[in-house]
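Under the numbering used here, the first residue of the sequence shown carries the number 3, and numbering increases by one thereafter. Below you'll find the structure, written out as structure tokens, and then a few comments.
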Amino acid sequence: MIEVAPTILNVDDHEAQRYALSRVLRQAGFEVQEAGTGRHALELASLCPSLVILDVHLPDMDGLDVCRRMKSAAPTASIPILVVSATAIACDDRVRGLEGGADAYLTHPVEPRELLAMVRALLRAQQHEEERGRLLEAERIARAEAENAQRRFALVAKASEALASSLDYPTTIQNVARLALPEFADFCVVDLVEGDSVHRVAYAHRDRAREGATRRHQRHAPDREHGGVVVRVLRTGQSELVGQERDGPDNRITQVLEPESRIVVPLVARGRTLGALSFAFAGSGRQYTEDDLPLAEELGRRAALSIDNARLHLDAQKAIKDREDLIAIVSHDLRNPLNAAMTSSWLLCQTPLEGEEGVRLKRRAELIHRSAERMRRLIDDLLDFASIVGGRLHLDRKPHDLGPLITDVVEMLRETAGQQGVRLDVEHEAPDLTANCDRERVLQTLSNLVGNAIKFTGDGGLVLVRAARAEGPWVRLEVCDTGVGIPSEHLPNLFDRYWQVSRDDRRGLGLGLFIARALVEAHGGTIGVQSAVGTGSTFFFTLPAAA
Numbered sequence: 003m004i005e006v007a008p009t010i011l012n013v014d015d016h017e018a019q020r021y022a023l024s025r026v027l028r029q030a031g032f033e034v035q036e037a038g039t040g041r042h043a044l045e046l047a048s049l050c051p052s053l054v055i056l057d058v059h060l061p062d063m064d065g066l067d068v069c070r071r072m073k074s075a076a077p078t079a080s081i082p083i084l085v086v087s088a089t090a091i092a093c094d095d096r097v098r099g100l101e102g103g104a105d106a107y108l109t110h111p112v113e114p115r116e117l118l119a120m121v122r123a124l125l126r127a128q129q130h131e132e133e134r135g136r137l138l139e140a141e142r143i144a145r146a147e148a149e150n151a152q153r154r155f156a157l158v159a160k161a162s163e164a165l166a167s168s169l170d171y172p173t174t175i176q177n178v179a180r181l182a183l184p185e186f187a188d189f190c191v192v193d194l195v196e197g198d199s200v201h202r203v204a205y206a207h208r209d210r211a212r213e214g215a216t217r218r219h220q221r222h223a224p225d226r227e228h229g230g231v232v233v234r235v236l237r238t239g240q241s242e243l244v245g246q247e248r249d250g251p252d253n254r255i256t257q258v259l260e261p262e263s264r265i266v267v268p269l270v271a272r273g274r275t276l277g278a279l280s281f282a283f284a285g286s287g288r289q290y291t292e293d294d295l296p297l298a299e300e301l302g303r304r305a306a307l308s309i310d311n312a313r314l315h316l317d318a319q320k321a322i323k324d325r326e327d328l329i330a331i332v333s334h335d336l337r338n339p340l341n342a343a344m345t346s347s348w349l350l351c352q353t354p355l356e357g358e359e360g361v362r363l364k365r366r367a368e369l370i371h372r373s374a375e376r377m378r379r380l381i382d383d384l385l386d387f388a389s390i391v392g393g394r395l396h397l398d399r400k401p402h403d404l405g406p407l408i409t410d411v412v413e414m415l416r417e418t419a420g421q422q423g424v425r426l427d428v429e430h431e432a433p434d435l436t437a438n439c440d441r442e443r444v445l446q447t448l449s450n451l452v453g454n455a456i457k458f459t460g461d462g463g464l465v466l467v468r469a470a471r472a473e474g475p476w477v478r479l480e481v482c483d484t485g486v487g488i489p490s491e492h493l494p495n496l497f498d499r500y501w502q503v504s505r506d507d508r509r510g511l512g513l514g515l516f517i518a519r520a521l522v523e524a525h526g527g528t529i530g531v532q533s534a535v536g537t538g539s540t541f542f543f544t545l546p547a548a549a
């Protein structure tokens, strides 16, 4: 890099003296400009030389007046001035010159070496001052950037917290409209694409009074077939920074508020443009710059993700409700013919029939009744599942003695156990166990576990139902069997919905244990299993003890 020699402005009306001084400066490697009058000196000073050597007595004005005028003008105020005089050599003259703005004062005759040393010293001081100024400016810029980054980080954090506060779709849309107010915008507009049209779905203003006055124009969204910044952003997917441009006669909000500056960013999620988010300054005198685009786009990305999540949540809620309605309708419609089949098959089973044909008809009636009973249980499981998933499970809690409850379950399933050659027994470790529970739901849970134990215990096996006190305000019920046991890799999934040990098992929907867990947890208790292949299984759950 070639260094440019400093330029010295030599001001002196005495031509011979000016020539001699300029020659000394040029021989020392400086560029030299010359002026013989104060007016000419001020003209050349506007070109900002590196240093000015100024004589006191000039033909058109006093040299010290030239010095004061240079120091009072911003473009030339920092230029070092060396006053050199052959006549104003008294102490008072030097004091007047230095107080008038001169950086140094020499008197003729002056040795060339002294003059050059003074010039170099002044240039070094000026260079150091400029470097200090540059460092201070760099520090100021860095501090401003850090403060700006901190403000932007705080705004993004605030926006993220607001957007994450709700999955409700209308609430999310309004949160998007307000997320940048008032730090980053005076008002915001949310336009969403729905089919082939654009709908203005939310608007927010930092001044709630003006927000109410302009809300009636919210429905006037940009026409997708015509121009305007919002339409361009939707088409291109690129953010835009605009001044006082309006979106056309269809955009009433921008007509009413007349924004001085706007940023419009696309709302893009999962590769789809959902709409556009407009930030605007109107009335506060603020203006957006290119440096604001990254923050606007980051807010747009987070807003788009929040809107997309809210839409997905809305769709999921609708799908769940549709499924629950379908299950309820189908279950209701199935129950009527199922009840008729169960009643008819039960009556047929109770009717005395003679002969071999009568025996066959009775067996078929019993088969029909068992199948209908199984269908009823499946329907009940589906309804319970819908209630659990939909968060509508209801419990009627009261203090209940567990002894009679366990006896009811055992008596209800004793015949089933006997048909499979399984011995069913009860063991009470402590009398008078009372739980604060919904009796029918506990009966359902316990009969499910006992029924499973009977199903997976072979001929000659044992199923034991046991009740005992647990630590704290809890009672514990256990169903132990001597069956085949459960492989350890299956244990973590036993209580998952639709899960079955064998995919070929078609005796249920895989909802029994899922429903059992939900019922126990709805009581505040816990459910679990201990099992190993060849050693049988123990299913257990806890219930709150009655006070």
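Here a beta-carbon is modelled for each residue, glycine too, at the ideal position from N, C-alpha and C. Fair warning: this is a prediction, and the values are worked out from it, not measured in the lab.
Just the C-alpha distance for residue i and residue j, rounded to the nearest angstrom, thanks.
i, j, result
"residue 493", "residue 541", "11 angstroms"
"residue 403", "residue 442", "13 angstroms"
"residue 285", "residue 190", "14 angstroms"
"residue 1", "residue 118", "Given that the chain is displayed from residue 3 to residue 549, the structure contains no residue 1 and the question cannot be resolved."
"residue 135", "residue 80", "11 angstroms"
"residue 100", "residue 6", "29 angstroms"
"residue 155", "residue 198", "36 angstroms"
"residue 418", "residue 408", "16 angstroms"
"residue 394", "residue 323", "12 angstroms"
"residue 114", "residue 149", "52 angstroms"
"residue 424", "residue 271", "59 angstroms"
"residue 67", "residue 93", "18 angstroms"
"residue 363", "residue 485", "34 angstroms"
"residue 107", "residue 86", "6 angstroms"
"residue 439", "residue 380", "24 angstroms"
"residue 447", "residue 401", "17 angstroms"
"residue 491", "residue 293", "56 angstroms"
"residue 514", "residue 200", "48 angstroms"
"residue 55", "residue 12", "5 angstroms"
"residue 510", "residue 373", "For residue 510, the predicted structure reports a pLDDT of 48, less than 50, and the residue's modelled location is therefore unreliable. A value from the coordinates is still provided. Going from the Cα of residue 510 to the Cα of residue 373 covers about 12 angstroms."
"residue 319", "residue 524", "22 angstroms"
"residue 378", "residue 346", "15 angstroms"
Considering only C-alpha positions, which residue in the set the options is nearest to residue i?
i, options, result
"residue 192", "235, 154, 160", "235"
"residue 295", "417, 439, 187", "187"
"residue 48", "64, 71, 27, 60", "71"
"residue 519", "58, 408, 387, 28", "387"
"residue 299", "313, 288, 311, 279", "279"
"residue 104", "208, 126, 57", "57"
"residue 545", "366, 17, 522, 323", "522"
"residue 474", "527, 124, 142, 22", "527"
"residue 182", "161, 434, 328, 445", "161"
"residue 37", "352, 121, 61", "61"
"residue 389", "205, 329, 269", "329"
"residue 63", "346, 39, 133", "39"
"residue 208", "462, 358, 112, 179", "179"
"residue 411", "456, 206, 397, 204", "456"
"residue 244", "275, 290, 158, 237", "290"
"residue 450", "382, 435, 139", "382"
"residue 453", "369, 479, 69, 414", "414"
"residue 463", "237, 536, 331", "536"
"residue 240", "185, 302, 139, 357", "302"
Do residue j and residue i have their beta-carbon atoms positioned less than 8 angstroms apart in this structure?
i, j, result
"residue 282", "residue 264", "yes"
"residue 53", "residue 10", "yes"
"residue 308", "residue 137", "no"
"residue 547", "residue 437", "yes"
"residue 468", "residue 477", "no"
"residue 533", "residue 487", "yes"
"residue 82", "residue 50", "no"
Can you tell me which residues form a DSSP beta bridge with residue i?
i, result
"residue 538", "534"
"residue 199", "196"
"residue 35", "11"
"residue 476", "472, 546"
"residue 264", "244, 282"
"residue 205", "191"
"residue 171", "Residue 171 pairs with nothing; no bridge assigned."
"residue 74", "In the DSSP output, where bridge partners are listed per residue, residue 74 has none listed."
"residue 106", "84"
"residue 306", "DSSP output for residue 306 lists no bridge partner at all."
"residue 59", "64"
Which whole-angstrom value is the C-beta distance of residue i and residue j, which I expect to be below 8 angstroms?
i, j, result
"residue 481", "residue 426", "Wrong, their Cβ atoms sit about 10 angstroms apart, outside the cutoff."
"residue 371", "residue 344", "6 angstroms"
"residue 195", "residue 231", "In fact, because the Cβ distance is near 15 angstroms, the residues do not count as touching under 8 angstroms."
"residue 312", "residue 169", "6 angstroms"
"residue 46", "residue 35", "5 angstroms"
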